[in-house]
Ligand SMILES: [Zn+2]
Ligand SMILES: [Zn+2]
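Numbering (full-length UniProt numbering), first residue to last: 1 to 201.
Next up, the structure:
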């Protein structure tokens, strides 16, 4: 079984639902992350309520391609895991820098009884759905575009749990920049309350 993330339409920027774009929902005392390569503020990419908590994904887009944004540990992206019971509210983005995507895409979990993402995609589109509306995968087993880069937790060094895969978006306007047609991969460690993000293309 593969759980696709399919397009669920336009949702409010601060909706507490699975989405890309809009505003991050964060706990009190949260500081918007800066890129450790260029020192500019990162761009908020995705709000992902998952079993382990709420994942919030940021990535630098101030100098696309120059900040090792694809690497889970280089400092060009940042993913957070917030506890599910933490009160979260919309953060104010910094005034300078590339901080927000232009389009908010709601995501709907859609179960497809197939073993891997490409098979699920094929079955789903053969069912009359638009390929552009398949926007990723929720949990299960990651399908790697390149080699397996499953990260170990920076806290406890155990392999992290796969939370989601994100495709760039439905079109150029709503798109996230994963090197063109790359995919982003999100992982969590519930024990350490941490998340990691990387992408491949
Ligand atoms: Zn940067
Ligand atoms: Zn850990």
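Beta carbons: idealized from backbone N, C-alpha and C, even for Gly.
- request: Within the same chain, show all residues whose beta-carbon is closer than 6 Å to that of residue 138, passing over the 5 residues directly before and after it, in chain order.
  value: Numbered from its first residue, the chain shown carries residue 138 at position 138. 3, 5, 109 and 164, listed in sequence order.
message: Just checking residue 62 against ligand 1 - is the residue's beta carbon closer than 8 Å to any of the ligand's heavy atoms?
response: Residue mapping note: residue 62 aligns to position 62 of the chain shown, counting from 1. Yes, the Cβ of residue 62 comes within 8 Å of a heavy atom of ligand 1.
query: alpha helix (DSSP H) containing residue 119: first to last residue?
result: Numbered from 1 along the chain shown, position 119 holds the residue referred to as residue 119. Counting along the chain, the alpha helix (DSSP H) containing residue 119 begins and ends at 117-126.
- prompt: Between residue 136 and residue 25, what straight-line distance do the alpha-carbon atoms span, to the nearest angstrom?
  reply: The residue you call residue 136 lines up with position 136 of the chain shown. The residue you call residue 25 lines up with position 25 of the chain shown. Cα to Cα, the separation comes out at about 21 Å.
task: Using only the heavy atoms of ligand 1, determine whether one of them is closer than 8 Å to the beta carbon of residue 66.
output: For the purposes of this step, residue 66 is identified with residue 66 of the chain shown, where counting begins at 1. Under cutoff, so the answer is yes.
- prompt: Taking the runs of the beta strand (DSSP E) that are 3 residues or longer, which of them lie wholly in the stretch 73-105?
  reply: 77-82
message: So, at 7 Å on beta carbons, what are the nonlocal neighbours of residue 69 in its own chain, with the 5 sequence-adjacent residues on each side left out?
response: Here residue 69 is taken as the residue at index 69 of the chain shown, counted from 1. Correct list, in chain order: 59, 60, 76 and 77.
Element boundaries [beta strand (DSSP E), containing residue 188]: As a working note, residue 188 is residue 188 in the chain shown. Unbroken beta strand (DSSP E) run through residue 188: 183-189.
message: At a cut-off of 8 Å, would you count residue 153 as near ligand 2, judging by its Cβ distance to the nearest heavy atom?
response: In the chain shown, residue 153 corresponds to position 153, counting from 1. Within the cutoff, so yes.
query: If you draw a straight line from the C-alpha of residue 113 to the C-alpha of residue 124, how long is it?
result: Translated into the one-based positions of the chain shown, residue 113 becomes position 113. Translated into the one-based positions of the chain shown, residue 124 becomes position 124. About 10 Å.
Among 201, 195 and 199, the one whose alpha carbon lies nearest that of residue 52: Here the question's residue 52 lines up with position 52 in the chain shown. Closest by alpha carbon: 195.
field: residue 200 versus residue 141 - alpha carbon distance
entry: By 1-based counting over the chain shown, the position of residue 200 is 200. By 1-based counting over the chain shown, the position of residue 141 is 141. Distance between the alpha carbons of residue 200 and residue 141 is about 16 Å.
Distance cut-off 8 Å: residue 195 Cβ against heavy atoms of ligand 2: The residue labelled residue 195 in the question sits at position 195 within the chain shown. No, the beta carbon of residue 195 sits no closer than 8 Å to any heavy atom of ligand 2.
query: Got a sec? Which residues, its chain only, sit under 6 Å from residue 84 by beta carbon, not counting five neighbours each side?
result: Translated into positions along the chain shown, residue 84 becomes position 84. Contacts found: 53.
CB of residue 144 within 9 Å of CB of residue 168, strictly: Here residue 144 refers to the residue found at position 144 of the chain shown. Here residue 168 refers to the residue found at position 168 of the chain shown. No, the pair does not count as a contact, with Cβ atoms beyond the cut-off.
- prompt: What do you reckon, are the CB atoms on residue 97 and residue 43 nearer than 9 Å?
  reply: Reading the chain shown from its first residue, position 97 is the one you call residue 97. Reading the chain shown from its first residue, position 43 is the one you call residue 43. Yes, they are a contact pair.
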